[in-house]
Amino acid sequence: MIKLSKVKKPSRQVLAKVHSISGHAGEVAVIEPISSKVFIDENLTLAMRKARDAYPGKVFYCLRLGSESLYTHKGITRKSKQKRIERSL
Amino acid sequence: MNTVLRGQIRSNVPYFYYSITTKGTLVLKSKKGNEITTVDTGFSGTIALPEKVLKKMDLKFVAIGDVTLADGSRLIVPIYWGQIKVKNKDFQTWFIPGDCLLGMELLAFAGDCLSLDLRQQRVRLESHRVA
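Chains as they are written, first to last, in our numbering: chain A, 1 to 89; chain B, 1 to 131.
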């Protein structure tokens with residue numbers, strides 16, 4: 001079982017620097033947390049291939065530039081949120 | 001256009017089929033009788049599979065990432081790296097734990113055009129690329 005909390009993440013400064021990279025909005029950044037090396041490509045598969053070629057066996061941190069999350073899943077929301085929406089109508 | 005995958009629509013949900021080889025590769029198929037995976041155009045990733053299926057595969061834990069679910073909640077998920085085969089084409093991509101879902105990133109890798117025949121209850125992934 002993998003403990004995600006034990007996986008090293010890049011520092012806030014590194015994350016802020018990566019998020020400030022311009023010209024790549026919507027693309028995926030894969031960060032090697034120790035060296036802070038960043039690999040950017042149009043999707044995670046391509047960016048991860050570059051990262052794994054350069055740092056085989058390492059565990060990376062991934063984010064989407066210009067977005068709060070790496071990927072999204074649209075669908076039905078929880079009941080509590082639906083009730084809030086119903087009340088607001 | 002070449003047909004890459006054929007699937008079915010059941011109860012308004014489009015499905016393709018898959019199996020796991022003894023070497024731990026995920027094979028997407030057009031044949032019935034295999035396991036089914038939902039074609040989910042609302043999922044921007046590649047493939048989500050239940051943990052019990054992921055355990056049968058030859059996967060490496062390679063990363064973590066923030067994701068946003070349908071209710072707007074965010075969480076950090078493990079990202080695994082493994083082999084996939086789609087119509088004689090082998091490539092490596094990422095997997096996450098979840099329901100059985102094929103997302104848009106995977107569909108775009110494997111093909112060029114996703115068509116839903118709502119009368120015939122069929123779904124098809126096609127490619128402009130020469131095989």
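Even for Gly, the Cβ is constructed at its ideal location relative to N, Cα and C.
Residues of the same chain with a CB within less than 7 Å of the CB of GLY45/B, apart from the 5 flanking positions on each side, are ILE96, GLY103 and GLU105 in chain order.
For ASN43/A, DSSP assigns no beta-bridge partner whatsoever. In this structure ASN43/A is buried. Its beta-carbon is surrounded by 16 or more other beta-carbon atoms within 10 angstroms.
DSSP places ASP53/A within a helical segment (H, G or I) once states are collapsed to three. Its chain contains LEU65 as the residues whose beta carbon lies nearer than 7 Å to that of HIS19/A, once the 5 sequence neighbours on both sides are disregarded; these appear in chain order. The secondary-structure analysis by DSSP pairs GLU32/A across a beta bridge with LYS37/A. Contact residues of the stretch 38 to 63 of chain B toward chain A are GLY42, PHE43, SER44, GLY45, THR46, PHE61, VAL62 and ALA63 (C-beta to C-beta distance below 7 Å).
In this structure ASP71/B does not touch GLU68/A by the C-beta definition: roughly 14 Å separates them, more than the 8 Å allowed.
With contacts defined by Cβ atoms closer than 8 Å, VAL13/B and THR38/B form a contacting pair.
Between the stretch 74 to 87 of chain B and the stretch 114 to 121 of chain B, the count of C-beta pairs closer than 8 Å stays below three; the two stretches do not touch. Leaving aside the five residues that flank THR3/B on each side, the residues in its chain whose CB is nearer than 7 Å to its CB run, in chain order, ARG124 and GLU126.
Among the residues facing chain A, GLU105/B is included, as its CB has a counterpart in that chain under 8 Å away.
Boundaries of the alpha helix (DSSP H) harbouring GLN13/A: 12 to 19, taken from the DSSP string. LYS85/B is a Cβ neighbour of THR25/B, given a cutoff of 8 Å.
Listed along the chain, the chain A residues whose CB falls inside 8 Å of the CB of ARG74/B are GLU68 and SER69.
In this model, ALA29/A and LYS37/A are separated by some 10 Å (Cα to Cα). Three or more beta-carbon pairs drawn from the stretch 41 to 56 of chain A and the stretch 45 to 63 of chain B are found closer than 8 Å, and the two stretches are therefore classed as touching. Around the C-beta of PRO50/B, fewer than 16 other C-beta atoms lie within 10 Å, and the residue is accordingly described as exposed.
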